[in-house]
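Numbering (numbering that gives the first Met the number 0), first residue to last: 0 to 89.
We put the beta carbon where it would ideally sit given N, CA and C, even for glycine.
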Amino acid sequence: MDNTLPEPFAALADLEAEATIEQAQRLTAALNAVPDLQRWLRVQRQRTVRGLLDSGRDRDELAPYLEVSPQRVSDIASGHTRHKGSRKTA
Numbered sequence: 000m001d002n003t004l005p006e007p008f009a010a011l012a013d014l015e016a017e018a019t020i021e022q023a024q025r026l027t028a029a030l031n032a033v034p035d036l037q038r039w040l041r042v043q044r045q046r047t048v049r050g051l052l053d054s055g056r057d058r059d060e061l062a063p064y065l066e067v068s069p070q071r072v073s074d075i076a077s078g079h080t081r082h083k084g085s086r087k088t089a
């Protein structure tokens, strides 16, 4: 699995100190790509939590560090996502 930060976020590491049009463009692209960053972060968190559980850590032990319930630790390791807001019913 590739652990590099997805574009356009990786390009932000070398932003110039002086304000430029290119800097504004890159920041706008980064803001527009926040969903990509969130997906990347979820995958990295899932991989890390799964690795910790596989190495013998207990979900009850991890839950306080992640500020979630033990069940949510299991959900994260399984790749289940949580959607905020009300759920639509049929």
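Burial check for residue 58: the Cβ neighbour count within 10 Å reaches 16 or more, so the residue is buried. Within the region 0-53, complete alpha helix (DSSP H) segments of at least 4 residues are found at 20-31, 33-53, given in chain order. Just so you know, the alpha carbons of residue 51 and residue 20 end up roughly 44 Å apart.
Taking residue 18 as the centre and dropping the five residues before and after it, the same chain places no C-beta closer than 6 Å to its C-beta.
Annotated three-state conformation of residue 72 is helix, per DSSP.
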